[in-house]
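>
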Amino acid sequence: MDLCYPDLGAACADIVRLREGGYELVGTWSLAQILDHLNMSMQMTIDGAEFTFPALLRPVMKLMFMPTMRKGKPSKLRGKAPKQLQPACDLDEDACANRFYALAETLMDPSTPFVTHYPMLGRLNREQWLLMQQWHAAHHLSFVVPDA
Numbered sequence: 000m001d002l003c004y005p006d007l008g009a010a011c012a013d014i015v016r017l018r019e020g021g022y023e024l025v026g027t028w029s030l031a032q033i034l035d036h037l038n039m040s041m042q043m044t045i046d047g048a049e050f051t052f053p054a055l056l057r058p059v060m061k062l063m064f065m066p067t068m069r070k071g072k073p074s075k076l077r078g079k080a081p082k083q084l085q086p087a088c089d090l091d092e093d094a095c096a097n098r099f100y101a102l103a104e105t106l107m108d109p110s111t112p113f114v115t116h117y118p119m120l121g122r123l124n125r126e127q128w129l130l131m132q133q134w135h136a137a138h139h140l141s142f143v144v145p146d147a
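Per numbering that gives the first Met the number 0, numbering through the sequence shown is continuous, rising by one, with the last residue being 147.
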């Protein structure tokens with residue numbers, strides 16, 4: 000089943016349900032690591048990043064990924080997260096979840112200014128940033144399956 004969030008608030012509600020109802024991991028990262036990775040990505044929406052993909056690659060990646068994100072479909076491409084977005088190993092799940100909730104609230108606030116560029120996709124407007132973060136959360140949280 001494809002996971003899709005209409006907004007970051009829905010991702011927050013899903014995390015609460017997973018944590019309260021129990022879950023099984025089908026990937027290699029713990030829930031805390033997934034949240035830490037997503038938190039670093041969401042923070043980049045506000046603060047920018049200290050790394051970027053090659054300039055010629057960014058428009059190609061944007062053309063490939065934006066239609067997939069708009070449809071809420073999972074990416075068929077698999078890869079390793081950039082070194083700067085790799086989560087730590089020993090993380091507190093409560094702290095990571097609380098940071099996710101706070102960052103999601105900050106990003107959903109229309110008065111929060113966003114940076115103009117994402118390292119992999121180049122220039123993004125506010126709608127594209129939010130879409131990317133919702134899609135990114137759905138992608139990683141799809142590896143956390145709720146208990147039946």
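We put the beta carbon where it would ideally sit given N, CA and C, even for glycine.
1. So, at 6 Å on beta carbons, what are the nonlocal neighbours of Val114 in its own chain, with the 5 sequence-adjacent residues on each side left out?
2. How long is the line joining the alpha carbons of Ala10 and Pro53, rounded to whole angstroms?
3. Within the same chain, show all residues whose beta-carbon is closer than 6 Å to that of Thr51, passing over the 5 residues directly before and after it, in chain order.
4. Measuring only the C-alpha atoms, how far is Lys61 from Ile45?
5. Using C-beta distances below 8 Å, list every residue in its chain close to Thr111, excluding the 5 sequence neighbours before and after it, in chain order.
6. Are His139 and Leu84 closer than 8 Å when you measure CB to CB?
7. If Pro73 and Asp1 are in contact, beta carbons under 8 Å, what's the gap, nearest whole angstrom?
8. Can you check the segment 68-117 for any alpha helix (DSSP H) of at least 4 residues that lies completely inside it and give the ranges in chain order?
9. Do Val143 and Tyr22 have their C-beta atoms closer together than 8 Å?
10. Taking all protein chains shown into account, decide if Leu123 is buried (16 or more other Cβ within 10 angstroms of its Cβ) or exposed.
11. Rounded to whole angstroms, what is the Cα-Cα separation between Tyr66 and Leu129?
Taking the geometry as given:
1. Gly47
2. 31 Å
3. Pro118
4. 19 Å
5. Ile45 and Thr105
6. no
7. 6 Å
8. 92-107
9. yes
10. buried
11. The sequence shown places Pro at residue 66, not Tyr. Looking at the two C-alpha atoms, the distance is approximately 14 Å.
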